[in-house]
Amino acid sequence: MKILTALVCAAGALALVPAAQAQTAATGQSAEPEKEAVAPEELESMLVSGATVVTADNQPLGTITSVDGETVVMDLSEYTERPISFQKEHFTLNAEGKLASVFTSKQITEGVG
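Be aware that the sequence shown starts at 112, since it is given in this note's numbering, and climbs by one per residue.
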């Protein structure tokens, strides 16, 4: 199970990252991020403003509000009033072909809490 760390970005948005990745950012030591096997072109075409996303356990997560480079900003009104930033590597396609976060609803709740 991944443990999430919440980081507040300069623009006031909240970013959820795996704890190991946050530690890497703080210490400068590189860590190998976990990757899902999804066709990059297919996933990239779905990461657009207005797209809805589910959690890894297939619960509603929120809506993408913007994509800038590797950063995906989402409105997670069920979890928090603040916009949340994810990295593109935090998304995959689930068994039904839906755009999904690699995090469960419990992990998201704990990360923004």
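Positions of the beta carbon are idealized from the N, C-alpha and C atoms, including for glycine.
All figures in this text were calculated on a predicted structure; none of them were measured in a lab.
Status (buried if at least 16 other CB within 10 Å, exposed otherwise) for residue i
{"i": "V184", "result": "buried"}
{"i": "A211", "result": "buried"}
{"i": "G222", "result": "buried"}
Beta-carbon proximity check, residue i vs residue j, cutoff 7 Å
{"i": "S160", "j": "T182", "result": "no"}
{"i": "A162", "j": "V213", "result": "no"}
{"i": "L187", "j": "G208", "result": "no"}
{"i": "L154", "j": "V178", "result": "no"}
Expected contact under 8 Å - CB spacing of residue i and residue j to nearest Å
{"i": "P171", "j": "E192", "result": "The Cβ separation is near 16 Å, so there is no contact."}
{"i": "T176", "j": "P194", "result": "6 Å"}
For the segment 165 to 195, which segments carrying the beta strand (DSSP E) assignment without a break, of at least 3 residues, lie completely within its bounds, in sequence order?
171 to 179 and 182 to 186
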